[in-house]
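These notes concern the structure reproduced below.
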Amino acid sequence: MKILVSMISLIAFLLVALPAPLYRFGVVELGTAFAGFKFGLVVGIAALVLLAIQVLFKRKTVSIASAAIAVIFSATAIALPLGMMTTAKNVPPIHDISTDLVNPPEFVAIAPLRADAPNPVEYAGAEAAEQQRTAYPELRTLTYSQSKPELVEASKQAVENLGWELVNTDADKGIVEATETTAWFGFKDDVIIRVTDNDSERLVDIRSKSRIGKSDLGKNAARIHALIEELDSVLSK
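469 is the number of the first residue of the sequence shown in the working numbering; add one for each residue after it.
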């Protein structure tokens, strides 16, 4: 039974560990990858149940090392999908976040790069805006005293500091565009920073949009927060 528990826990672990890289390298479709997470959760629970039965009724066959490994593999297989599901329940099912919900920045150089993306380049619309207002009320247009060229350069530096791919910089139009590739699944999410003059101050708006997926699990809002923090850090130096 010890071998059975070890094998099942290993299978559970592989069902949640492999889908992301397999999808990233084009081996499986996204739906198949997500199915792997679901099966991994179920198999992980089954492994723990079998381990409990072994401990209760066949204690002499249990070794501390094999039990510990089974628990680690099974717990990982359970924790990862549950974590994603919990996050999905706590954030709105949207994938387009902007600090300006009335006139969101429009992608320029990135637009053709999204030609084949499931999520269109156009803004997600009024329903997404309303959900964002409720979930992320703190995300609003930023104001700065620096000049437009200074803010564009600082935005470019912030993007580079964060390790994102810089796609376009236009100091005259006050635009910086970038793409971040997520580490696990390799999803590509696009960002645009827009700087506009407003009398003696400058307005900075940021938009982050996923190319695929209905819900971003809060990633785009987190990305904007990270960019704002990095931009402020650059400007303070």
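Built from N, CA and C at the ideal position, the CB exists for glycine as well.
Span of the beta strand (DSSP E), counted from its first residue to its last, around residue i
i: Thr637; result: Glu633 to Asp638
i: Val663; result: Lys656 to Asn666
i: Arg675; result: Glu669 to Ser678
i: Ser613; result: Where Ser613 is concerned, there is no enclosing beta strand (DSSP E), given that its DSSP letter is neither H nor E.
i: Glu645; result: Ile643 to Thr649
i: Ile565; result: Asp564 to Ser566
Cβ-based burial, residue i [other Cβ within 10 Å; buried from 16]
i: Arg601; result: exposed
i: Val511; result: buried
i: Pro580; result: exposed
i: Arg675; result: buried
i: Ile471; result: exposed
i: Asp658; result: buried
i: Lys506; result: exposed
i: Ser613; result: exposed
i: Ser668; result: exposed
i: Leu550; result: exposed
i: Arg527; result: exposed
Alpha helix (DSSP H) segment containing residue i, residue limits
i: Tyr491; result: Pro487 to Arg492
i: Ala515; result: Leu498 to Phe525
i: Thr554; result: Ile532 to Asn558
i: Asp700; result: Lys687 to Ser704
i: Arg601; result: Ala594 to Ala603
Test item: CB-CB of residue i and residue j under 8 Å
i: Leu607; j: Ala694; result: no
i: Val647; j: Ile546; result: One detail in the question is off: residue 647 reads as Thr in this sequence, not Val. Not a contact, by the Cβ cut-off of 8 Å.
i: Ile643; j: Val539; result: no
i: Leu619; j: Val663; result: yes
i: Ser701; j: Pro561; result: no
Contacts around residue i, its chain only, beta-carbon distance under 6 Å, and the 5 residues preceding and following it disregarded
i: Ile696; result: none
i: Trp652; result: Ala488
i: Thr609; result: Thr567, Asp568, Leu671 and Asp673
i: Phe481; result: Phe541, Thr544 and Ala545
i: Ser477; result: Ala515, Ala538, Phe541 and Ser542
heavy atom of the ligand COA below 7 Å from residue i C-beta
i: Asn688; result: For the structure depicted, the ligand COA is absent and the ligand set is empty, with no information on it obtainable.
Proximal residues to residue i (C-beta, below 7 Å), its chain only, five neighbours per side dropped
i: Lys656; result: Thr647, Thr649 and Arg679
i: Ile513; result: Ile546
i: Leu685; result: Met552, Thr555, Ala556 and Val559
Close Cβ partners of residue i (< 8 Å) along its chain, the five nearest in sequence each way excluded
i: Lys624; result: Leu634, Thr637 and Val644
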